[in-house]
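For the sequence shown, position 187 matches number 185 in the working numbering, and the numbering has no gaps at all.
For each residue, glycine too, the CB sits at the ideal point set by N, CA and C.
First comes the structure, then the notes that go with it.
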Amino acid sequence: MAGTHILGIDIGGSGIKGAPVDLDKGELAAERERIDTPEGAAPEDVLEVVAQVVERFADAVAPGSPVGITIPAVVRGGVVRSAANIDASWIGTDADEMFTRRLDRPVHVVNDADAAGVAEMHYGAGVGEKGVVLLTTLGTGIGSALFTDGVLVPNTELGHLEIDGHDAETRAASSVKVEEDLSWKEWAERLQVYYSTIEKLFSPDLIIVGGGVSRKADKFLPRLDLHARIVPAQLRNSAGIVGAAWYALAEEG
Ligand code: BGC
């Protein structure tokens, strides 16, 4: 039963969410568990919450099967290398090693946007898409996942492009829309600046827009004037979990 069921866990700013994933279908195989992200989100506190989520689904996956975990940071070789929206003590942490030791299973940690990207490429809006595809997640920050002919270029961090002297995500993330009480039109103007810069640099064939706000894509995508096709993500709030699980299995294979 648990043949292709792999645990995926998504560490976000407000919640840590996880579920077993059916990788044949690219769907959650059980209702996801969500626990509030501990105050401050220090590595050792996050570790304990992740352990609770894994414990909850221990019987839903094969013993010793890998676990995929997303984090909103640059991750190279399992080591966290940045911390724009998480506690700075993550920097330099060998997250693969830390989680693997505590959970007693092989764990692979991946950037959150890269995970959402692989999920969309395999099961969602990017299926069968060749050429240059860019997934962006619009949330607390802006995440990016860049693909050429389906192959991921990891850790692109295009939310931190400097545009007009600003870190792009501080102008155009969906959290900024809320904080500054921007109308859809005002926010779309900022997205226009952001995606036009992206086009100038990368000439993507397709841009996929993820993050919670993609549910309301009809409010802002039609206002954008770009050469690339731009479409909402399809997996919505399961993309991180599904992508993490996919990534964990790929790393093991
Ligand atoms: C981080 C990225 C992350 C993105 C979305 C950015 O601030 O630097 O690593 O993918 O937020 O969470």
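With a threshold of 8 Å (Cβ to nearest heavy atom), would T91 be considered close to the ligand BGC?
no
Please classify L21 as buried or exposed, where buried requires at least 16 neighbouring CB atoms within 10 angstroms.
buried
Can you tell me whether H164 is buried or exposed, with buried defined as 16 or more other CB within 10 angstroms of its CB?
exposed
Could you check if D162 belongs to the surroundings of the ligand BGC, using beta carbon to heavy atom distance under 8 Å?
no
Considering only their Cβ atoms, is the gap separating G6 from G66 smaller than 9 Å?
yes
Please determine, among P18, Y193, E187 and V48, the residue with the shortest C-alpha to C-alpha distance to R99.
V48
Around the C-beta of R188, are 16 or more other C-beta atoms found within 10 angstroms, so that it is buried, or is it exposed?
buried
Cut-off 6 Å between Cβ atoms - residues of its own chain near N153, not counting five sequence neighbours on either side:
V72 and N109
Give me, in chain order, the residues of the same chain whose beta-carbon lies closer than 7 Å to that of A40; leave out the 5 immediate sequence neighbours on both sides.
D85 and S87
Taking the Cβ atom as the reference point for each residue, do G252 and G210 lie within a distance shorter than 9 Å?
Since the first residue of the chain shown is -1 and the last is 251, residue 252 is not available in this structure.
In or out: S201 buried (at least 16 other Cβ within 10 Å) or exposed?
exposed
contact_flag[the segment 166 to 182, the segment 100 to 119] where n(CB pairs < 8 Å) is 3 or more:
no
What residue does the beta strand (DSSP E) around G13 start on, and which one ends it?
G13 to D20
Give a single yes or no on whether N235 has its beta carbon closer than 8 Å to a heavy atom of the ligand BGC.
no
Contact between the segment 145 to 159 and the segment 221 to 232 is defined here as three or more beta-carbon pairs at a separation below 8 Å; is this criterion met?
no
I'd like the list of long-range same chain contacts for T168, defined as Cβ closer than 8 Å, with 5 residues on each side in sequence excluded.
V174
beta-carbon D278 near the ligand BGC non-hydrogen atom, thresh 8 Å:
Outside the displayed span of the chain (-1 to 251) sits residue 278, for which this structure offers no information.
Apply the 10 Å Cβ neighbour rule to G24 and answer buried if 16 or more other Cβ atoms are within range, or exposed otherwise.
buried
Measure from the alpha carbon of I205 to the alpha carbon of each residue in L233, E53 and V131, then state which is nearest.
V131
Closest by C-alpha distance to D43, when choosing among A242, A93, W185 and G208
A93
CB-CB under 7 Å to M96, same chain, minus the five flanking residues each way: which ones, in chain order?
P41 and L45
DSSP beta-bridge partners for T146?
V130 and V149
At the level of alpha carbons, what is the spacing between A81 and I228?
28 Å
So if DSSP puts I205 in a beta bridge, which residue, or which two residues, is it bridged to?
L132 and I228
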